[in-house]
């Protein structure tokens with residue numbers, strides 16, 4: 002699993018009903034899904050599908066066309082990820098009521 006990135010884009014904030022979404026990239030070859038019959042997806046933007054649980058509605062991961070990885074939503078994990086926080090992205094769309102209070106790099110967009 003890749004490093005943790007906190008995404009503050011408007012789409013992630015609305016999809017997760019939160020100030021940001023914490024995600025990590027996982028290579029397709031390292032990702033195995035059990036219970037896929039519980040998943041559905043919607044295309045949130047051209048070429049990007051967001052997969053969610055049909056039972057509880059939680060977002061599990063996202064997948065962009067022509068990539069070799071998925072974007073795992075860390076809020077759905079039962080235990081902590083063995084990785085570290087890397088950065089905040091899309092802070093140009095950050096919720097006005099939220100303040101970032103750590104020393105991670107901040108990027109206006111996906112850099």
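Residue numbers (this note's numbering): 2 to 112.
Think of the CB as a built atom: it goes at the ideal place given N, C-alpha and C, for glycine as much as any other residue.
Per-residue burial, residue i [other beta carbons within 10 Å of its own, 16 or more giving buried]
i           : result
residue 98  : exposed
residue 113 : The requested residue 113 is not part of the displayed model; the chain covers only 2 to 112.
residue 60  : buried
residue 63  : buried
residue 100 : exposed
Candidates the options: closest to residue i by CA position
i           : options           : result
residue 110 : 4, 63, 89         : 89
residue 85  : 20, 26, 15, 11    : 26
residue 32  : 105, 106, 73, 102 : 73
residue 94  : 65, 108, 29, 44   : 108
residue 56  : 47, 20, 40, 50    : 40
residue 78  : 105, 24, 50, 29   : 24
residue 58  : 10, 17, 104       : 17
Per-residue DSSP class, three states only, for residue i
i          : result
residue 54 : strand
residue 17 : helix
residue 37 : helix
- With a floor of 3 residues, list each beta strand (DSSP E) that falls wholly inside the stretch 64 to 102, ordered by position along the chain. 70 to 74, 86 to 90
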